[in-house]
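For reference, the structure is listed below as structure tokens.
Structure below.
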């Protein structure tokens, strides 16, 4: 069955929260656990974040892929600021700082913040199709490039981005968090959008 793609709605917030945590390899759930109200589940907090009308992680910045009427994957992306202001870096949670530093190295790019597919829907080409949507959105926004950050341990994702002509341009050491199963660097990959401006 072929996937279909549509803009996300606020009603997709629960699925978006789970997919964001998949893409972030547990970091979102850890961050949400430090921010959730007493008695509030981590995923409920994530759902509330996804249901916001503003902010980078908002349903308004998301596209979902569906197979058989079921959400299979999502893309969350947006244009990064140019210039990118790092003045508030010291107030950013330590585990997020390497990611913010890398974002700052791709000012004005259309940033693929989240690209995630539920395990049972992988190997259907959905990720590649979502990257095509990201490129269309980047061109429509007149961004000079596309950018994405991937952990060097996530070889499958890095391979997907390389096949889509993203090239590594910078790296920062990942800072472990409780329950973090990985060690290594975060890698910023960029794809030029010649002719988009």
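In my numbering, the protein residues as written are 31 to 227. C-beta atoms are modelled at their ideal positions from N, C-alpha and C, and glycine is treated no differently.
When the options are compared against residue i, the one with the closest alpha-carbon
| i | options | result |
| --- | --- | --- |
| residue 108 | 48, 86, 37 | 86 |
| residue 137 | 116, 151, 156 | 116 |
| residue 162 | 81, 152, 95 | 95 |
| residue 98 | 34, 174, 135 | 34 |
| residue 76 | 41, 48, 120, 91 | 48 |
| residue 167 | 106, 70, 88 | 106 |
| residue 102 | 44, 134, 118 | 44 |
For residue i, the residue or residues it bridges with in DSSP
| i | result |
| --- | --- |
| residue 201 | 217 |
| residue 36 | 94 |
| residue 144 | 106 |
| residue 222 | 175 |
| residue 163 | Paired residues: none, contrary to the question. |
Alpha-carbon to alpha-carbon, residue j and residue i
| i | j | result |
| --- | --- | --- |
| residue 227 | residue 194 | For residue 227, the predicted structure reports a pLDDT of 44, less than 50, and the residue's modelled location is therefore unreliable. A value from the coordinates is still provided. The straight-line gap from Cα to Cα measures roughly 20 Å. |
| residue 204 | residue 217 | 9 Å |
| residue 67 | residue 223 | 42 Å |
| residue 179 | residue 79 | 21 Å |
| residue 175 | residue 72 | 34 Å |
- [ ] Only counting runs of 3 or more residues, tell me where the beta strand (DSSP E) segments fall wholly within the stretch 48–79, in order along the chain.
- [x] none
Open item on the list: For the stretch 111–129 against the stretch 148–167, do three or more pairs of beta-carbon atoms, one drawn from each stretch, fall closer than 8 Å, so that the two count as touching?
Closed with: no
Open item on the list: Which runs of the alpha helix (DSSP H) at least 4 residues long sit entirely within the stretch 113–143? Give them in chain order.
Closed with: 127–133
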